[in-house]
Each structure stands twice: as C-alpha cells, then as structure tokens.
Amino acid sequence: MFSQNIHIVERVKEYSEKIAPKFGVEIFDVKFVREPSGYTLRIFLDKENLTLEDCANFSKEISKWLDKEDLIPHKYNLEVSSPGLNRPLRNIDDYKKYIGRKCKIELFKKDPSGRKNYTGYIKGVDGEVILLDVKKEEIIVNYSDIKKGNLEFEIKE
79 MFSQNIHIVE
89 RVKEYSEKIA
99 PKFGVEIFDV
109 KFVREPSGYT
119 LRIFLDKENL
129 TLEDCANFSK
139 EISKWLDKED
149 LIPHKYNLEV
159 SSPGLNRPLR
169 NIDDYKKYIG
179 RKCKIELFKK
189 DPSGRKNYTG
199 YIKGVDGEVI
209 LLDVKKEEII
219 VNYSDIKKGN
229 LEFEIKE
C-alpha cells in the first residue's frame, strides 16, 4: 500500500507540473494521506497572490485527468490549495525568494549563544548562509543547521 501511495504521488506530481504553466502556478507539494475520514489527495499550488479561482481551475483540470487515469482504486477527497501563510521554507532557494519576509527557524541543536529558535526577517542569503534580522541584531545561520523553517504571517498596520 505504501509503494502504491508513492506511485500515486509521483504520477500526480508529474502531471501537475506538466499542466501548472497553463495556470500560471508552480507545484509546491503533493501529498496523499489516509485520515480518519478517508483518503485525501492534497495538491499545494504556489504563485504570488494565488486566488481561489486559480485553485478551482486547476482542480477541475486535475480532477478530469484523475478520473480518466483511474489511479486511485478507492474513494478519496481532492484538495487543491496554497501552502498557507506560514508555508514551510524547504530549501535555500525559498529563503532567497522570501528575502525581506518574517520567518521562524528551528535549529537541530543550540547554537553557541544557547538558542535553538529564531524569529526574524530574512535579510539575505549568501551561498548556504542565511542572514536574519532578529530584533535589530544580525544573526548568521548555516542552512545545514536548520531543522525547520516557516514564513511567519504578520499583520501590516
């Protein structure tokens, strides 16, 4: 069952990436999970100012393809959405893309100052090094030391 789920995710991701340019979006992630309510196929789209209409249009197209391919042998729910306001920062390119934005990072272990978590603004990226502005203090973090990173939603006044 596990390998079947991987196959489903790979096929859906492959087709999604093929049609994404038609909708002006990128594929952020594809997940196929079993939950108490049943199976759910989640496709996360990425685009500056992604709209509900973008998600609905993509959903219609992928739904037709899924019905035609008959990849999933049982009932499931299809969800097409954005990765959310607190989206994960998955690679160094994500940190570059979101320079100037607020983020929260968790390190694998405490740094020399004894901290394991930082919340601040991404000031820059140089190779594998990320520069954060944490309460007006510049913090340098090696990407390889980051366990988890997410954008932080903030309300602008």
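Mapping of the sequence shown onto my numbering: residues 79 to 235, in sequence order.
Here a beta-carbon is modelled for each residue, glycine too, at the ideal position from N, C-alpha and C.
From a predicted model like this one, the values you see are computed outputs, not experimental measurements.
Quick one: what's got a C-beta closer than 7 Å to residue i's C-beta in the same chain, skipping five residues either side?
i	result
Asn220	Glu206, Val207
Ile200	Tyr173, Tyr176, Ile177, Gly178, Arg179, Cys181, Ile208, Leu210
Output the boundary residues of the beta strand (DSSP E) element that contains residue i.
i	result
Glu215	215 to 220
Leu119	116 to 124
Gly227	224 to 229
Asn195	195 to 204
Ile208	207 to 212
With a 10 Å radius around its C-beta and 16 neighbouring C-beta atoms as the bar for buried, classify residue i as buried or exposed.
i	result
Leu163	exposed
Val108	buried
Ser94	buried
Arg193	exposed
Please state whether DSSP places residue i in a helix, a strand or coil.
i	result
Val103	coil
Arg89	helix
Tyr176	coil
Asp189	coil
Asn155	strand
Over the uninterrupted alpha helix (DSSP H) stretch that includes residue i, give me the two end residues.
i	result
Asp145	130 to 147
Using C-beta distances below 6 Å, list every residue in its chain close to residue i, excluding the 5 sequence neighbours before and after it, in chain order.
i	result
Val158	Ile121, Cys133, Phe136, Ser137
Phe110	Asn83, Ile86, Val87, Leu119
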